[in-house]
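S.K.:
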Amino acid sequence: MYKNILVPTDGSETAELAIKEAVSLAKALNSKIIGIHVIDVTSYVGVVGGIEPIIWETVQGLLEDEGRKALNIIEKSAKREDIESEVFIKEGIPSEEIINISKEKKVDLIVMGTAGRTGLDRFLLGSVAEKVIRTSSCPVMIVHK
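Letter by letter, the sequence shown follows residues 179 to 323 of the working numbering.
(1) Is it true that the segment 202 to 212 meets the segment 233 to 249, where meeting means three or more beta-carbon pairs spaced less than 8 Å apart?
(2) What residue ranges within the segment 211 to 296 form continuous beta strand (DSSP E) runs of no fewer than 3 residues, ordered along the chain?
(3) Can you give me the C-alpha to C-alpha distance between residue 321 and residue 260, rounded to a whole angstrom?
(4) Hey, would you say residue 280 sits closer than 8 Å to residue 309, going by beta carbons?
(5) Based on DSSP bridge pairs, tell me the residues matched to residue 320.
(6) Could you please give the first and the last residue of the uninterrupted alpha helix (DSSP H) stretch that includes residue 181?
(7) If you follow the alpha helix (DSSP H) that residue 209 is part of, which residue opens it and which one closes it?
(8) Report all residues from its chain with a CB closer than 6 Å to the CB of residue 249; omit the five preceding and five following residues, and keep chain order.
(9) Can you tell me whether residue 129 is buried or exposed? The criterion is at least 16 other CB atoms within 10 Å of its CB, across all chains shown.
(10) Can you tell me which of 284, 182, 245 and 203 puts its alpha carbon nearest to the alpha carbon of residue 190?
(11) What do you get for residue 307, buried or exposed, if any count of 16 or more other CB atoms within 10 angstroms of its CB means buried?
(12) Let me know the secondary structure DSSP gives residue 190 once reduced to three states.
(13) What does a CB cutoff of less than 7 Å around residue 295 pick up in its chain, not counting 5 residues either side in sequence?
Take a look at the structure:
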């Protein structure tokens, strides 16, 4: 049923809960886990052009290190359960990159955490999870904290 399970991670506690859920499902269903960490470039629009390239490369390197640490949790969890895994770091708009990789890798299910944003903030901005739910062509399982 679910042969390829995608787990986006930002390294948060909620993302780790989603990883646990995805690994549990993958083990039960003999599925592959695909992890993705997206460096959200929208957070740096306007900043990048205003800083020295060497400084941006340093910041970018730190963000990639953070992503690798988050993805390492997926790899270790999958290995511990003898589950095949593959991980990616992408730069872009998180919801778009999650959808892109889900199509590219023919994902059957996306398992992701949500911070449970409420109020005006959610109304104005929308969360990554909400955008993924609206645009995904496969089922999306949301894990709450």
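Using N, Cα and C, we set each Cβ at its ideal position, and we do this for glycine too.
M.R.: Let me lay it out:
(1) no
(2) 263 to 270 and 287 to 292
(3) 23 Å
(4) no
(5) 290
(6) Careful: residue 181 lies outside any alpha helix (DSSP H) and carries neither H nor E.
(7) Element bounds for residue 209: n/a, residue is neither H nor E.
(8) 213, 215 and 265
(9) Nothing can be reported for residue 129: it is not among the residues displayed for the chain, which extend from 179 to 323.
(10) 245
(11) buried
(12) coil
(13) Because the pLDDT at residue 295 is just 49, under 50, the model does not fix this residue reliably, and the value given afterwards should be weighed accordingly. Cβ neighbours of residue 295 beyond the five flanking positions: 305.
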